[in-house]
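Below is one structure, written out as structure tokens; the observations come after it.
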Amino acid sequence: MTNRDMAKVIAKGWPDAESIPRYQNQIEIVCGNPDSIAGLLHYLQSVGFDHMSNLTCVDWLEENRFDVTYNLWSYKYDLQATVKAGIDRDEPEIPTAMDVWPQAQAYEQEIHEMFGVEFIGNPDLSPLFLHNWKDIPPLRKDFDTEAYSVKAFGAVRNKE
Amino acid sequence: MEPVFYELTKLAQNDEYTTYEMFFGPNHPGMHGNFGYVIDAVGATVVKVRVNAGLLHRGFEKLMETKQWFQNLSLIPRICVPDPDPNEVAYCTAVERICGIEIPERAKYIRSMTLEMSRMTSLLMGMGALGAMMGLYSAMYRMMTDRDFVLDMFEWLTGARIYHIYNVPGGVRRDLPDGFTDKLSGVLDTLEYNLKEWDNLVFENPVVHKRLTGIGRITSEEAIRYGIVGPNLRATGYLVDVRRDDPYAAYPYLDFDTPVTEGGDALARAVQCRKEYELSINIVRQIIKKLPKSKEYRADTGNALKFRVPPGDTYAKVESSKGEYGYYIVSDGGLKPYRVSVRGPSLPAGLALCHKHLPGMDISDVAIWMASFAVCPPDIDR
Numbered sequence: 790m791t792n793r794d795m796a797k798v799i800a801k802g803w804p805d806a807e808s809i810p811r812y813q814n815q816i817e818i819v820c821g822n823p824d825s826i827a828g829l830l831h832y833l834q835s836v837g838f839d840h841m842s843n844l845t846c847v848d849w850l851e852e853n854r855f856d857v858t859y860n861l862w863s864y865k866y867d868l869q870a871t872v873k874a875g876i877d878r879d880e881p882e883i884p885t886a887m888d889v890w891p892q893a894q895a896y897e898q899e900i901h902e903m904f905g906v907e908f909i910g911n912p913d914l915s916p917l918f919l920h921n922w923k924d925i926p927p928l929r930k931d932f933d934t935e936a937y938s939v940k941a942f943g944a945v946r947n948k949e
Numbered sequence: 068m069e070p071v072f073y074e075l076t077k078l079a080q081n082d083e084y085t086t087y088e089m090f091f092g093p094n095h096p097g098m099h100g101n102f103g104y105v106i107d108a109v110g111a112t113v114v115k116v117r118v119n120a121g122l123l124h125r126g127f128e129k130l131m132e133t134k135q136w137f138q139n140l141s142l143i144p145r146i147c148v149p150d151p152d153p154n155e156v157a158y159c160t161a162v163e164r165i166c167g168i169e170i171p172e173r174a175k176y177i178r179s180m181t182l183e184m185s186r187m188t189s190l191l192m193g194m195g196a197l198g199a200m201m202g203l204y205s206a207m208y209r210m211m212t213d214r215d216f217v218l219d220m221f222e223w224l225t226g227a228r229i230y231h232i233y234n235v236p237g238g239v240r241r242d243l244p245d246g247f248t249d250k251l252s253g254v255l256d257t258l259e260y261n262l263k264e265w266d267n268l269v270f271e272n273p274v275v276h277k278r279l280t281g282i283g284r285i286t287s288e289e290a291i292r293y294g295i296v297g298p299n300l301r302a303t304g305y306l307v308d309v310r311r312d313d314p315y316a317a318y319p320y321l322d323f324d325t326p327v328t329e330g331g332d333a334l335a336r337a338v339q340c341r342k343e344y345e346l347s348i349n350i351v352r353q354i355i356k357k358l359p360k361s362k363e364y365r366a367d368t369g370n371a372l373k374f375r376v377p378p379g380d381t382y383a384k385v386e387s388s389k390g391e392y393g394y395y396i397v398s399d400g401g402l403k404p405y406r407v408s409v410r411g412p413s414l415p416a417g418l419a420l421c422h423k424h425l426p427g428m429d430i431s432d433v434a435i436w437m438a439s440f441a442v443c444p445p446d447i448d449r
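If you read the protein sequences in the order shown, they are chains A and B. The opening position of the first sequence corresponds to residue 790 in this note's numbering, with each subsequent residue numbered one higher. The opening position of the second sequence corresponds to residue 68 in this note's numbering, with each subsequent residue numbered one higher.
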């Protein structure tokens, strides 16, 4: 099965999501409704995307949007899917993918810490890497690393 | 799994100190790297485990957003200490895919060769570490000697032993030196000869078999749900291999059969590592034989300081010694990456599977569990 065939199957089975074939074996799937992301991932798992490679988040500051991105792989068809769920940057909330892939718990914990995204249904969103962090989540685009190091460690600013 | 209660602990059940807390790492001989588990234990049995990560956090993903595409090359190998080359190749593959760069044939072969050499060094370190976790330190020391032979070759090829920074978008940094392949063939002969010794010392050792059997048993279905990849998944008898399924570099031109092992426990994973090591030696031999004669090793990518990647995003992955290593790269058309996300192969086992496997286990088995799943903290804290 090629990525074009798979994109047609997904367009028929889950009309809410837009699927675009790209490169050799990749499909980009844009989730229309982020609240139904768990259902979409369940559906994708049932059509063959059985492995979640990576769960990450991209901060689009100018568009005021977080893209929560799931990279999936199908061991059966050797296809890669990149599922993007755009959520509001001011109230970042999305249901958890833990019920589909239990490993998502750790990734979501990390994204919550680094981007401040709330994953509804994830039981443990406690800090994982940062200790006593009081600033805004550090991987957001509006986090100023230089200002933070001046404030926290008394670093000297680079002269222009 | 319910914890096992011993007679004495039964007597002390009402005692509030029955369950005690133990820091397994970062300062522990059974822990490789700055990472730790906080273990709640009753007697010698683990009841609950909490992850103590972040001791190694270097903010690579954030740092990469502030550096140019070529500058990042000096950062990415540092994400995985024992197996750095898959990082470089995954990053370069992703960049080349978005840019539409086709790299020269010779560069593909050289890339595959560095990847397989890197796999060998990492597998030797992993197998040696597994021996060390059982108190079999001679395995560790002797395998490190073998690893040094490969590192010497790397030093000759790239100028560095650990962080090679050799693969760049468009190909590789420099061509093979004169006489490199002959010397490498000699090293491979030595490694293959020593393999018999490793069999006697580790893989056919009855003590090792007794110690490893049954630890961390996992089925294929469970491994897939938890995102376990590479040799650990193949040790459950499920054949997957990124080199075969999603080919990159020169792997489409090479002829190899990826081995699998039935069982799914620590012993199966150790045996699988040995088979993978043998496969790597064979693949490097094939590459030496098939290496194209042309001298072109790098496609022209223009001025590195003005290098731009068109807007787009892609996920590229590479089979490392621990499994799938992936880079998800987003570009907005600028001089720097917009976002780089790294998928380390040990995160699912190290952060998620530990909550399922460790409770009920003996404290002395925790180190073996970690070494057999090849949990490597640098790619968890990236």
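Just so it is clear, CB atoms sit at the ideal spot from N, CA and C, and this is done for glycine as well.
{"query": "Closer than 7 Å at the beta carbon, the chain A residues around G121/B", "result": "L917, F918, L919 and H920"}
{"query": "Residue range of the unbroken beta strand (DSSP E) whose run includes E907/A", "result": "E907 to I909"}
{"query": "Residues that DSSP places opposite V47/B in a beta bridge", "result": "Within the shown structure, residues of chain B are numbered from 68 to 449, placing residue 47/B beyond reach of any answer."}
{"query": "Proximity of M192/B and R214/B at Cβ, strictly below 8 Å", "result": "yes"}
{"query": "Where I295/B sits in the DSSP three-state scheme", "result": "coil"}
{"query": "C-alpha distance - P404/B paired with V906/A, whole-angstrom precision", "result": "22 Å"}
{"query": "9 Å Cβ cut-off: residues of chain B touching S842/A", "result": "G294, V296, Y382, K384, E391, G393, Y395 and R410"}
{"query": "T328/B (DSSP reduced to helix, strand or coil)", "result": "coil"}
{"query": "Selected residue, minimal CA-CA separation from L861/A, among D879/A, G837/A and D877/A", "result": "G837/A"}
{"query": "Proximity below 8 Å, CB of L140/B to CB of I282/B", "result": "no"}
{"query": "Cutoff 6 Å; reference S388/B; Cβ partners in own chain excluding five residues on either side", "result": "D150, R186, S189 and L190"}
{"query": "Near-chain B residues of the segment 824-839 of chain A (beta-carbon distance less than 9 Å), N- to C-terminal order", "result": "D839"}
{"query": "Per-residue burial, H901/A [other beta carbons within 10 Å of its own, 16 or more giving buried]", "result": "buried"}
{"query": "Secondary structure, alpha helix (DSSP H): runs of 4+ residues fully inside the segment 165-231 of chain B", "result": "172-200 and 204-225"}
{"query": "Option in L830/A, D856/A and L868/A with minimal Cα separation from W803/A", "result": "L830/A"}
{"query": "Pair within 8 Å by beta-carbon distance, G417/B and V385/B", "result": "no"}
{"query": "Contact list for D931/A against chain B, beta-carbon separation under 9 Å", "result": "Going along chain B, no residue has its Cβ under 9 Å from D931/A, so there is no contact; the nearest lies around 12 Å."}
{"query": "Buried or exposed by the 16-neighbour rule on C-beta atoms within 10 Å, applied to F855/A", "result": "buried"}
{"query": "Beta-ladder partner(s) of L917/A, from DSSP", "result": "In the DSSP output, where bridge partners are listed per residue, L917/A has none listed."}
{"query": "Listed by chain order, chain B residues near D867/A by CB distance under 8 Å", "result": "D312 and D313"}
{"query": "Cutoff 8 Å; reference D913/A; Cβ partners in own chain excluding five residues on either side", "result": "Q894 and Q898"}
{"query": "For H840/A, three-class secondary structure by DSSP", "result": "strand"}
{"query": "Buried or exposed by the 16-neighbour rule on C-beta atoms within 10 Å, applied to W922/A", "result": "exposed"}
{"query": "Extent of the continuous alpha helix (DSSP H) to which N853/A belongs", "result": "No alpha helix (DSSP H) holds N853/A; DSSP gives it neither H nor E."}
{"query": "Residues of the segment 124-142 of chain B with Cβ closer than 9 Å to any Cβ of chain A, in chain order", "result": "H124, G126, E128, K129, L130, E132 and T133"}
{"query": "Euclidean distance between Cα positions of E163/B and Y87/B", "result": "52 Å"}
{"query": "Unbroken alpha helix (DSSP H) run spanning Y318/B, endpoints", "result": "Segment: none, Y318/B is in no alpha helix (DSSP H) and carries neither H nor E."}
{"query": "Straight-line gap, Y859/A to T381/B (C-alpha atoms, nearest Å)", "result": "12 Å"}
{"query": "Proximity test, Cβ basis, 8 Å: P445/B and chain A", "result": "no"}
{"query": "Continuous alpha helix (DSSP H) stretch holding G379/B: start and end", "result": "Element bounds for G379/B: not the alpha helix (DSSP H) but the beta strand (DSSP E), G379 to S387."}
{"query": "Cutoff 8 Å: P415/B Cβ touching any chain A Cβ", "result": "yes"}
{"query": "Paired residues, beta bridge with K873/A - DSSP", "result": "V819/A and T858/A"}
{"query": "Residues that L418/B contacts on chain A, provided the C-beta gap is smaller than 9 Å", "result": "Q892, Q894, A895, Y896, Q898, E899 and L917"}
{"query": "Local Cβ density within 10 Å of L850/A, reported as buried at 16 or more and exposed below that", "result": "exposed"}
{"query": "Where the alpha helix (DSSP H) containing E880/A begins and where it ends", "result": "That residue, E880/A, is in no alpha helix (DSSP H); it is neither H nor E in DSSP."}
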